[in-house]
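Written below as structure tokens is the structure these notes are about.
There are 2 protein chains.
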Amino acid sequence: MPEHSHRDQVDQIMDRLVASGKRRTMSRQAVIKVIVDYHGHVSADDIATQVQKDFPSLDVSTVYRTLETLRELGIVDRVYFADGSTVYHLSDHKHHHLCCERCGAVQELPISALGNLERFLLEEYGFQNHQQPLGLFGLCASCRQASS
Amino acid sequence: MPEHSHRDQVDQIMDRLVASGKRRTMSRQAVIKVIVDYHGHVSADDIATQVQKDFPSLDVSTVYRTLETLRELGIVDRVYFADGSTVYHLSDHKHHHLCCERCGAVQELPISALGNLERFLLEEYGFQNHQQPLGLFGLCASCRQASS
DNA sequence: TAGCTCTTGCCAATCGATTGCAGCAACCAC
DNA sequence: GTGGTTGCTGCAATCGATTGGCAAGAGCTA
Numbered sequence: 381m382p383e384h385s386h387r388d389q390v391d392q393i394m395d396r397l398v399a400s401g402k403r404r405t406m407s408r409q410a411v412i413k414v415i416v417d418y419h420g421h422v423s424a425d426d427i428a429t430q431v432q433k434d435f436p437s438l439d440v441s442t443v444y445r446t447l448e449t450l451r452e453l454g455i456v457d458r459v460y461f462a463d464g465s466t467v468y469h470l471s472d473h474k475h476h477h478l479c480c481e482r483c484g485a486v487q488e489l490p491i492s493a494l495g496n497l498e499r500f501l502l503e504e505y506g507f508q509n510h511q512q513p514l515g516l517f518g519l520c521a522s523c524r525q526a527s528s
Numbered sequence: 381m382p383e384h385s386h387r388d389q390v391d392q393i394m395d396r397l398v399a400s401g402k403r404r405t406m407s408r409q410a411v412i413k414v415i416v417d418y419h420g421h422v423s424a425d426d427i428a429t430q431v432q433k434d435f436p437s438l439d440v441s442t443v444y445r446t447l448e449t450l451r452e453l454g455i456v457d458r459v460y461f462a463d464g465s466t467v468y469h470l471s472d473h474k475h476h477h478l479c480c481e482r483c484g485a486v487q488e489l490p491i492s493a494l495g496n497l498e499r500f501l502l503e504e505y506g507f508q509n510h511q512q513p514l515g516l517f518g519l520c521a522s523c524r525q526a527s528s
């Protein structure tokens with residue numbers, strides 16, 4: 381994905397912040413840029429490390445506060461993985477994660493892919509599952525072949 | 381479930397500990413009793429609070445160390461829920477959890493119930509999912525009816 | 001520009017979880 | 001039993017992740 385479209389996306393998000401009464405700051409811009417650039421999922425610490433290459437004085441607490449603001453506005457989601465780690469990603473890029481325990485690769489899975497699961501839970505258990513991103517752990521295709 | 385069968389189960393687990401070279405102690409007995417009594421899932425803090433009613437001096441660190449021992453022996457599983465909390469339960473009672481965000485009720489779901497999901501991931505993505513207990517969040521049947 | 005208020009950097013506090021250590025207790029051998 | 005070895009435990013310190021307080025600084029409006 382070309383760089384300028386990322387920039388556009390960052391600007392769009394900044395505009396949404398401003399529209400909701402927040403201020404346009406360098407710190408927020410930098411944090412959002414990292415989230416957009418990674419495209420997938422990042423930890424708060426990943427963001428801090430990355431941002432501090434350009435803004436060494438930017439504190440982790442600012443990262444957390446920005447993430448909280450973005451979460452309140454529904455711009456990013458926080459996901460707790462099944463291995464205990466916590467990651468963030470853009471809400472409009474909602475997806476499940478297939479995490480390989482051996483090589484660490486993370487494959488994305490569209491939320492819609494588990495539509496059958498939603499229906500099953502609703503019909504059999506009356507349970508309306510939230511479309512919350514899941515972090516599923518196991519063996520990816522290549523590691524599975526390599527181990528067999 | 382009658383109390384004496386819980387006692388039996390606690391004794392069985394203690395026997396397994398002893399058989400693997402561990403010592404038979406009151407602390408471990410008490411921690412195991414809580415896990416068995418709850419039948420479902422408990423947090424480390426739940427266990428500590430419960431155990432300390434009988435053994436006020438028993439420390440959380442002992443709870444964690446006991447849980448770690450039980451985990452090494454494959455007697456209990458640790459599960460990270462999608463809301464970030466961590467719970468433990470007996471391995472022979474492995475199951476998914478349907479957690480209601482409104483009333484807090486937790487419904488159990490047999491691991492086998494998601495067999496289709498496993499197959500789907502394997503066939504479509506080549507991903508071999510571990511049968512890891514999931515904590516799914518949403519609305520339970522009664523809260524869903526009440527809100528409609 | 002003045003001035004209000006939100007943000008931020010810095011730092012301490014918190015929270016869940018873990019670890020080092022010294023004393024105690026379980027188990028084994030006699 | 002009794003003594004000795006070694007594992008367990010309580011306590012306090014620690015660690016990583018996250019949050020809160022506060023004063024200085026920066027963004028926005030008039």
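Respectively, the protein sequence lines represent chains A and B. Quick note: the first sequence uses my numbering, first residue 381, plus one each step. Quick note: the second sequence uses my numbering, first residue 381, plus one each step. Even glycine gets a Cβ: it sits at the ideal position worked out from N, Cα and C.
Query	Result
Three-state secondary structure (DSSP) of residue 482(B)	coil
8 Å Cβ cutoff, residue 521(A) in contact with chain B	yes
Closer than 8 Å to chain A by CB, residue 526(B)	no
Proximity test, Cβ basis, 8 Å: residue 517(B) and chain A	yes
Min CB distance residue 435(B) to chain A below 8 Å	no
Outcome for residue 457(B) when other beta-carbon atoms lying within 10 angstroms are tallied against a minimum of 16	buried
Integer Cβ distance of residue 390(B) from residue 416(B), believed to fall under 8 Å	5 Å
DSSP-derived helix/strand/coil call for residue 464(B)	coil
Chain-ordered chain A contacts of residue 468(B) [CB-CB under 7 Å]	Here the premise fails: no neighbours, minimum Cβ distance about 13 Å.
Residue 388(A) versus residue 493(A): straight-line alpha-carbon distance, rounded	29 Å
Interface partners of residue 463(B) on chain A, CB under 8 Å	460
Interface residues of the stretch 489 to 512 of chain B facing chain A [CB-CB below 8 Å]	489, 493, 494, 496, 497, 500, 501, 504, 505, 506, 507, 508, 509, 510 and 512
Residue span of the alpha helix (DSSP H) that contains residue 495(B), given as start and end	495 to 505
Residue 439(A) (DSSP reduced to helix, strand or coil)	coil
Which residues DSSP lists as bridging residue 450(B), in chain order	Answer is none; residue 450(B) lacks a bridge partner.
First through last residue of the alpha helix (DSSP H) which encompasses residue 413(A)	406 to 418
Amino acids of chain B, ordered along the chain, whose beta-carbon sits closer than 7 Å to that of residue 450(A)	The contacting residues do not exist; residue 450(A) stays about 18 Å from chain B at best.
Exposure of residue 483(A), with buried meaning 16 or more beta-carbon neighbours within 10 Å	exposed
Under 8 Å by beta carbon: chain B residues contacting residue 447(A)	Simply none; closest approach about 14 Å.
C-alpha gap between residue 490(A) and residue 479(A), whole angstroms	14 Å
Per-residue DSSP class, three states only, for residue 421(A)	coil
Cut-off 7 Å between Cβ atoms - residues of its own chain near residue 409(A), not counting five sequence neighbours on either side	390 and 394
Simplified DSSP assignment, three categories, for residue 430(A)	helix
Whole-number beta carbon distance between residue 477(B) and residue 516(B), since they are thought to touch under 8 Å	7 Å
Exposure of residue 469(A), with buried meaning 16 or more beta-carbon neighbours within 10 Å	buried
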